[in-house]
Structures are given as structure tokens and as C-alpha cells.
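Asks: Have a look at the structure that comes next, please.
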Amino acid sequence: MEPFHPNHVTIACVVRRFRRSSQPQANERLPPGVEEVISRGSCYIGKLNEMIVLKYASNLNDMGFQTSIKVEKRLLEIIGPHPRIIQSMGLIQDGLILKYYPNGTLRDYINAHPDETLERRLEWCTQLLDTLSFVHSKHVIHCDICLHNVFLDENFNIILADFQGLLLSRVNGQPLLDGMTRECAKAYMPRENLYVVNVQTDLFAVGSAIYHIMAGHEVFPELDSFYDEDAISARFINEDFPNNDYVASHIVEKCWRGEYSSAAEVSADIAAVQAAAEDVYEELMQLDVDMEFEDREYEQYEEEEEQDEDEEMDAEYDEDEDAEYEYVDEEDNEDEEVL
């Protein structure tokens, strides 16, 4: 897909633009068996027990949301089992049953752990890209990649979720199923028609996800995804990107410019950054060893210096003692002469 031209008229609204909230909403629906609502948005996520959750439409009368949930169930079937993709247990009358991941979302984890290692951050990027590459191999476009839709399993590896995206025909590339999800403003590739999605629109969103992982916060944190959508879009169109003072910034900007044709290409560039980081780490480790060796030499030098000082003090003490004895001897001789 060609990058959106600045002269094109932007579309002010986006599909299903809803704020996510942790606060209960007035008259919100609570299906039978739901212990608590753990996510609110276009669809709600209700915890059923320690193993499973229920994804359901907040409004039963809105058939669009009901259809999106059914599309997600079908897309997960088409993709098939994968260790980095959320597990579905099928549809029931109230919604879609999914596996529960108690470690929460990657977004919340990064916010709570700003000092997470570079090694772990790069590994998350690799896992996300490899998972997305598998999804694209099934002709599925995710359409809403962001860290809110990435969970962490028991080993803190990523789990990609929220598959209300698009299935493309293997014959002509036309949409066969569409869950009507589209990216939020900070992950949205500006384009003439927001309904047109493909691999590059997903990779643009991946760029924003990598930025979030590496920088520790969303792109343009001073702007609001809901109220400042036009300003965010204008920055992307004009390539007014954030300062590139974070690891893998060149990869992020290539995603935003639409310069990658596959998730595998992005993953290869991340692998190069990982290799460089490992080389730096090994070099620093070697420096630490050398410094420790120098410290030991310095400590040995201090010990030798202290030993020399002790010997000098002993020598001075001996000379004083000898002088005192000599002085006493002289006094004794004088006494003998008087006598």
C-alpha cells in the first residue's frame, strides 16, 4: 500500500473508536457466571474463573458487535493453534470463551516495570513479529495491533489477542470476513480508505508497538488517541516522528514509512539489533572482569603499601628504643664517675 498523500482528505472518524475503561459503566451488562469485568471497550471481557474469560458485546442490540465476535471465533479457527495466539474455547450464547492470562497485558506490565531489560524487550518484539508472520501466512490481517491486545503467559512470553480483523481471499485478495476492527490513531496508517487494510497497515501498527516496547510508553504521549486523532495523523503524514533516541528507532520508522513488505523482514532487522546488543553486553562483561582484576591489583598494592608503612614504623620505634637505652647508659656512666 502506498503511503497516504498529505493532499488527500482525511477521514475524521474511525471504525469502532471506543475508550477502554476499568470503571463500571451505567447499566452495563453482566452475563451469568461473570465474576468481574476486567476490560471495557467495544466488547467487554468478563472473568468467569481462574482459567477462562468471556468476551461479549456490551449491547445485545448492536448486531455489529455480535457479528465481530463471531468473526473472531472463525478467524481463530482458520489460524489454528499457536503458542503465541490466544486460545479459544468456542462460542456460547453470551459470547466467546477465551483462555485467561493472569499476568495481564504487555502494556500494563511495561508501565509497571520501566526498568525491564533490553534483552527481554527485544525478545518481545521478536515474538510479536514471528506471531504476526504466522497470522499473515493464513491471509488474516489483525487490524488492531497494540500492547493492550498483547497478553503475557505464565513465563511472560507474549500472547496476541483480539482477532476481530480481516480474512483475505487467497485468489484475489478481496475481503471474505471482516470483524470491522481498525487501529487506534497511534497505530493507524493514514490512508484514503480506512476500510482498506493489508500487511503494511499491520506493519505500521507493529512500528508503534515496537516503539511502545522499546521507549516504555506510547508514541506521542502528550497527545490523546481519542481527542487528538487529527494531530496524530498529521504527524505521521508529515513524518514528524519522535526523537530517534531509543533502540531500534530505525526499524520503527521504516514500519511507519511502509518500507517493509513482511513481518519476517522486520524480524530479521530486530535479530540484527539483538546480535549487536549481545556483542555490547559481552564486551561490557569483559570490561567488568578487567576492572575487577585491576581492583584486585590495587588492593594488593594497598596491602603492600600498608606493609611498608608498618615496617618503617617498626624501624623508627626500634631506633627510638636504642636511643633511649644509649641515653640511659650514658647516665649510668656519669653516676659511676661521680662516685
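In the working numbering, the protein residues as written are -15 to 323.
For each residue, glycine too, the CB sits at the ideal point set by N, CA and C.
Mind checking Leu268: buried by the 16 CB within 10 Å criterion, or exposed?
Replies: Under this definition Leu268 is an exposed residue.
Asks: Per the DSSP calculation, Thr89 is bridged to which residue(s)?
Replies: Beta-bridge pairing links Thr89 to Phe135.
Asks: Alpha carbons only, please: which of Ile143, Arg91, Ile69 and Gly64 is nearest the one belonging to Gly200?
Replies: Closest option to Gly200, Cα to Cα, is Arg91.
Asks: Which residue spans inside the region 88 to 169 form an unbroken alpha helix (DSSP H) run of at least 4?
Replies: As far as the region 88 to 169 is concerned, its whole alpha helix (DSSP H) runs of at least 4 residues are 90 to 96 and 102 to 121.
Asks: Looking at the secondary structure, which residues open and close the beta strand (DSSP E) in which Leu207 lies?
Replies: Premise fails: Leu207 is in no beta strand (DSSP E) and is neither H nor E.
Asks: Is the region 202 to 222 close to the region 172 to 181, with three or more CB pairs under 8 Å?
Replies: Cβ pair count under 8 Å is three or more, so yes.
Asks: Got a sec? Which residues, its chain only, sit under 6 Å from Ile125 by beta carbon, not counting five neighbours each side?
Replies: Counting only Cβ-Cβ distances below 6 Å, and skipping sequence neighbours, we find Gly149, Leu150, Val181 and Asp186.
Asks: Shortest alpha-carbon distance to Cys239 belongs to which of Gln184, Val264 and Gln270?
Replies: Measuring from the Cα of Cys239, the nearest candidate turns out to be Gln184.
Asks: Just the C-alpha distance for Gln270 and Val264, rounded to the nearest angstrom, thanks.
Replies: Each residue's Cα considered, the two are about 10 Å apart.
Asks: Is the region 160 to 171 close to the region 70 to 90, with three or more CB pairs under 8 Å?
Replies: Taking 8 Å as the limit for Cβ pairs, the verdict is that the region 70 to 90 does not touch the region 160 to 171.
Asks: Identify, in the order they occur along the chain, each residue of the same chain with its Cβ nearer than 6 Å to the Cβ of Glu107, setting aside the five sequence neighbours on each side.
Replies: Around Glu107: no qualifying Cβ.
Asks: Does the beta-carbon of Asp253, which I'm using as the reference point, lie nearer than 6 Å to any heavy atom of the ligand HEM?
Replies: Ligands in the displayed structure: none, and consequently the ligand HEM is not present.
Asks: What residue does the beta strand (DSSP E) around Leu75 start on, and which one ends it?
Replies: Here the beta strand (DSSP E) through Leu75 covers Ser72 to Ile76.
Asks: Going by the CB atoms, is the gap between Val257 and Ala232 shorter than 7 Å?
Replies: Yes, the pair counts as a contact, with Cβ atoms nearer than the cut-off.
Asks: Considering Cα atoms alone, identify which of Glu61, Asp78 and Ser117 is closest to Gly17.
Replies: Checked all of Glu61, Asp78 and Ser117; the closest Cα to Gly17 is Asp78.
Asks: Just to confirm, are Met198 and Tyr230 a CB contact at a threshold of 7 Å?
Replies: Going by C-beta atoms, Met198 is nearer than 7 Å to Tyr230.
Asks: With a CB to CB cut of under 7 Å and the five nearest residues on each side skipped, what residues in its chain are close to Ile63?
Replies: The residues are Ile69, Val119, Lys122 and Val124.
Asks: Closest by CA to Tyr85, which one among Gly242, Glu56 and Leu144?
Replies: Among Gly242, Glu56 and Leu144, the Cα nearest to that of Tyr85 belongs to Leu144.
Asks: Taking the C-alpha atoms as reference points, what is the distance between Asp128 and Glu266?
Replies: Near 37 Å, if we compare the C-alpha coordinates of Glu266 and Asp128.
Asks: Using the C-alpha atoms, what's the distance from Cys168 back to Asp208?
Replies: Taking the straight line joining both Cα atoms gives about 11 Å.
Asks: Taking 6 Å as the limit between beta carbons, can you name the residues of its chain near Phe147, skipping five residues before and five after?
Replies: So the qualifying residues of the chain are Glu56, Leu59 and Leu60.
Asks: Short of 6 Å in beta carbon distance, which residues of its chain neighbour Val236, apart from the five on each side in sequence? Order them along the chain.
Replies: Answer for Val236: Gly191, Ile194 and Tyr195, listed in chain order.
Asks: Pop quiz: Met54 and Leu82 are said to be a contact at Cβ under 8 Å. What is the actual Cβ separation, rounded to whole angstroms?
Replies: Here the sequence assigns Lys to residue 54, which means Met is not the residue at that position. About 14 Å separates the two Cβ atoms, so there is no contact after all.
Asks: Considering Cα atoms alone, identify which of Arg104, Asp212, Ser42 and Ala261 is closest to Glu12.
Replies: With distances taken between Cα atoms, Glu12 lies closest to Ser42.
Asks: Return yes when the Cβ of Val250 is within less than 7 Å of the Cβ of Leu113, no when it is not.
Replies: Cβ atoms of Leu113 and Val250: closer than 7 Å.
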